[in-house]
Structure formats: C-alpha cells, structure tokens
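Quick note: the sequence shown, position 107, residue 107 per full-length UniProt numbering, numbers continuous.
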Amino acid sequence: MLTERHLEIFLALAEEEHFGAAAQRVGITQPPLSQGLRRLEALLGVRLFDRGRGVALTEEGELLLPHARTALAALGELRAAADACEPAGGRRIRLGLAPEVPIRLVADLGAAPARAGDGSRISVVTAPTATLLSRIGSGRLDLAVTQHPAVLDGLSAGPVVLLPTWILSPSGHPAPRHLPVAVRPREEAPAAYDLLVDTLASRGRRVETVVVPDERAGLALVAAGQAVLVTADGTLSADGVERRRAAGPELPLRLRVVWGARAARSPEVVETARLLTETLSREAAK
C-alpha cells in the first residue's frame, strides 16, 4: 500500500540527493529509508533513482516527482482542515509515546490534558522515537515523550528526565555478564541505542546485543537464559528472572517531551507539555 512515508522518502531523496541527509530529514536511518524506496518503486513499477550516478532521478522519477509533491501537499491540507475541526468537548491534542515509557506511567501521561482543566481531549499513539519525531515535524502529532538523545532537527523539547532502570538476568546463571543484551532495533532511536551500548562497554564488558520487538520478548529471552534486559519498568519480572537496580555507571532511561513549531503556538499544547514533564519528574523522584 502506498503511504505518506513513501512519498516523504521520495521527496527527501530527490531534494537532498544523499541517502544519509534524506534519512535524517525524515527521521529514520539509511537501511529503512532504502527499504522504503524499494517498496515504493515496487508499488509503482518503475525505478525512481539511478544508483549508478549517486542519487539521481531517472526519467520516470522526474515525471512522478511533481505528482508526489502534489499528493503530500494535499495530505497536509487535509490534516490542517482536520486540526481546524474542534471536537465536542474541546481541542484534541495528539500525543505520542515511545514504547520504552513504563506502562505504569502511560495512564498518568494520558491524563495530563484533563489536569490542565481546559477541556482538551487527547489521542495517543505509541511509536519509536524516530517515528514520533518525524510525525511531530510533519504536523501529524502535537507532542511526544521520546528517548534522549535524539536529533531534534528544529523541534523544541523540555528538560531531560532520568528514570531509574533495573537489570533483569536469568536466575542462577553462572556468567550473566557474558550474555547478550536484549535491545529494540537501533533504527528506532539510534543515538539512545548507541549511548546504551557505549555505557555498557564502559563497564569493561564485551557488549553483544540481540534485537527484540518489545520488552515482553526480551523478558522471555531472559527467562530462557539467553539474554539480559535493561528496563525502566519496575514491575517487569517472571519466574527464573533476577532483578537488580542498575548502578555505576548509571543506565537511566532518558526521556523528554518534544513538540513542533505549530504546537508551540497553542496554549493548550504548551500547558500539556509542562504537565507531562512534571509527571515524568515525579516518577523520577520516587
């Protein structure tokens, strides 16, 4: 299915003429950008770029580029019209949450607009940090709680809040330090991923990773004796799993609230961002 992300990749590559620059512009890394381009070309049945000459548009790409621009502009107009439609009961605030946000925090964060007392309603999505930043930049989200560090590319952000973490390891394992660390895919939050791996390496351990889709899958590998997991979820546990607080050097989960220029002009969004940061700070102080 042809998606808005396909069109964004097409336009970014055509204008940047560089895979790395285009990937940064749309908030992803180069591998998923290349995969997205291949899917788009397969859907359209044409080659859009000549890879043998850097990143140059083919004749077909030149012909289709104006249509892609028109389609993206139309989608932007559709979102703007939707934003202008105030739902019954007040403004709708579109909030994104990174999957690393502990489940115990989700309800408190979702209730933030209600605490503002201005009648705002909320819609919530969960997506990787890179995706959330891209959606804020394109106006599809008002604000999000994302991992830090991350490339903000002109977006605004509140202070970084550090949540404590626990290390989960198989009970009775003779050498848990030699097990791989269960992690989500690097492309979801490249800078945060690299910081985690670098911090683990600074402990003098050989760092190997195993990619999992979520913490539940990571917990299953820990229980099976195949991995260790670093998590900010203080309740995540299972039979056969040992828990200990992460310490020296610290491995906190770094979170912050991010919003775009359009959202910054909305008093309701600004107040919600403040309340979200307060909620994170209270959790960090526990």
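Note that the Cβ used here is the ideal one computed from N, Cα and C, for glycine as well. Because the structure is a prediction, the values reported are computed rather than measured.
Any idea if residue i is buried or exposed, counting beta-carbon neighbours within 10 angstroms, 16 or more meaning buried?
i, result
"S202", "exposed"
"R216", "exposed"
"residue 303", "With the chain covering 1 to 286 only, the question about residue 303 has no answer from this structure."
"G89", "At G89, the pLDDT of 49 sits below 50, so the modelled position is not reliable and the matter cannot be decided from this model."
"E15", "exposed"
"E250", "exposed"
"A192", "buried"
"A107", "exposed"
"E77", "exposed"
"G54", "exposed"
Report the option in the options whose CA atom is closest to the CA atom of residue i.
i, options, result
"V230", "F10, T29, P176", "P176"
"G154", "E17, E268, R262, T29", "R262"
"V222", "P170, S138, V212", "P170"
"A98", "V257, V269, R282, A284", "V257"
"V125", "H148, I93, V151, R104", "I93"
"E187", "T58, P128, R206, G45", "P128"
"P102", "A232, A246, A238", "A232"
"T3", "L37, G27, Q24, A14", "L37"
"R135", "I28, R265, L275", "I28"
"P213", "L219, R184, A192, P252", "R184"
"G172", "V55, L13, A224, V26", "A224"
"A71", "A112, E8, G45, V211", "E8"
"P190", "H18, F19, Q30, M1", "Q30"
"P252", "I122, P149, G139, H67", "P149"
List the DSSP bridge partners of residue i.
i, result
"E242", "S169"
"Q147", "L255"
"F49", "L57"
"I93", "I122"
"A182", "V210, L229"
"L163", "L253"
"S156", "W259"
Inspect the beta-carbon positions of residue i and residue j and report whether they are closer than 8 Å.
i, j, result
"L109", "V160", "no"
"R51", "L11", "no"
"T209", "V228", "no"
"L40", "H6", "yes"
"A246", "T165", "yes"
"A284", "L195", "no"
"V46", "E60", "yes"
"R243", "L168", "yes"
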